[in-house]
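**Q** Pasting a structure here, questions to come.
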Amino acid sequence: MSRRTDRLGELFREEISKLLQKGLKDPRVGFATINRVDITEDLSYAKVLVSVMGTDKEKTSTIIGLRNSSGFIRQFLGKGIKIRKIPELQFVLDENLDHAMHIQDILSDLKAKGQF
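So the numbering used here is basically just the index in the sequence shown, starting at one, shifted up by 1.
Structure (structure tokens):
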């Protein structure tokens, strides 16, 4: 990734986070955090990594809600960010946090048993 796409990705992350804080009107979108936005070099696609607190059903529902709202979110970004074309947004569930918490639980169990 280039410096430009890194800067744009960070800007997109901030703007989408602001929109989620103000409240996206889709009731399916639960408590979501935008972790990272990866933008292709040609600025045609942006992969938005989202972590969601809740059950698997709530996570799936939130991702579906975000995907269905992607046109509105692109329009919102277009008003705030002055670039020629806003990339197509692809919302993906980021499970790195869940994986890290699982590893932490395993390490805590081992430590409690005296094996670590």
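Ideal Cβ placement from N, Cα and C applies to all residues, glycine included.
Treat the numbers as computed from the prediction; the structure is a model and nothing was measured.
In the structure shown, what three-state DSSP assignment does Lys26 receive?
**A** Here residue 26 corresponds to residue number 25 of the sequence shown, with the count starting at 1. It is coil, neither helix nor strand.
**Q** Quick check: the Cα distance between Ile40 and Gly10, rounded to an integer number of angstroms?
**A** Residue mapping note: residue 40 aligns to position 39 of the sequence shown, counting from 1. Residue mapping note: residue 10 aligns to position 9 of the sequence shown, counting from 1. Going by the C-alpha atoms only, they are around 6 Å apart.
**Q** DSSP three-state call for Ser70: helix, strand or coil?
**A** What you label residue 70 is simply residue 69 of the sequence shown in a count that begins at 1. Ser70: coil per DSSP, three-state reduction.
**Q** For the stretch 100 to 114 against the stretch 67 to 84, do three or more pairs of beta-carbon atoms, one drawn from each stretch, fall closer than 8 Å, so that the two count as touching?
**A** These segments do not touch.
**Q** I'd like the list of long-range same chain contacts for Leu90, defined as Cβ closer than 7 Å, with 5 residues on each side in sequence excluded.
**A** Here residue 90 refers to the residue found at position 89 when the sequence shown is read from its first residue. Excluding sequence neighbours, Leu90 sits near Ala47, Val49, Ser71, Ile74, Arg75.
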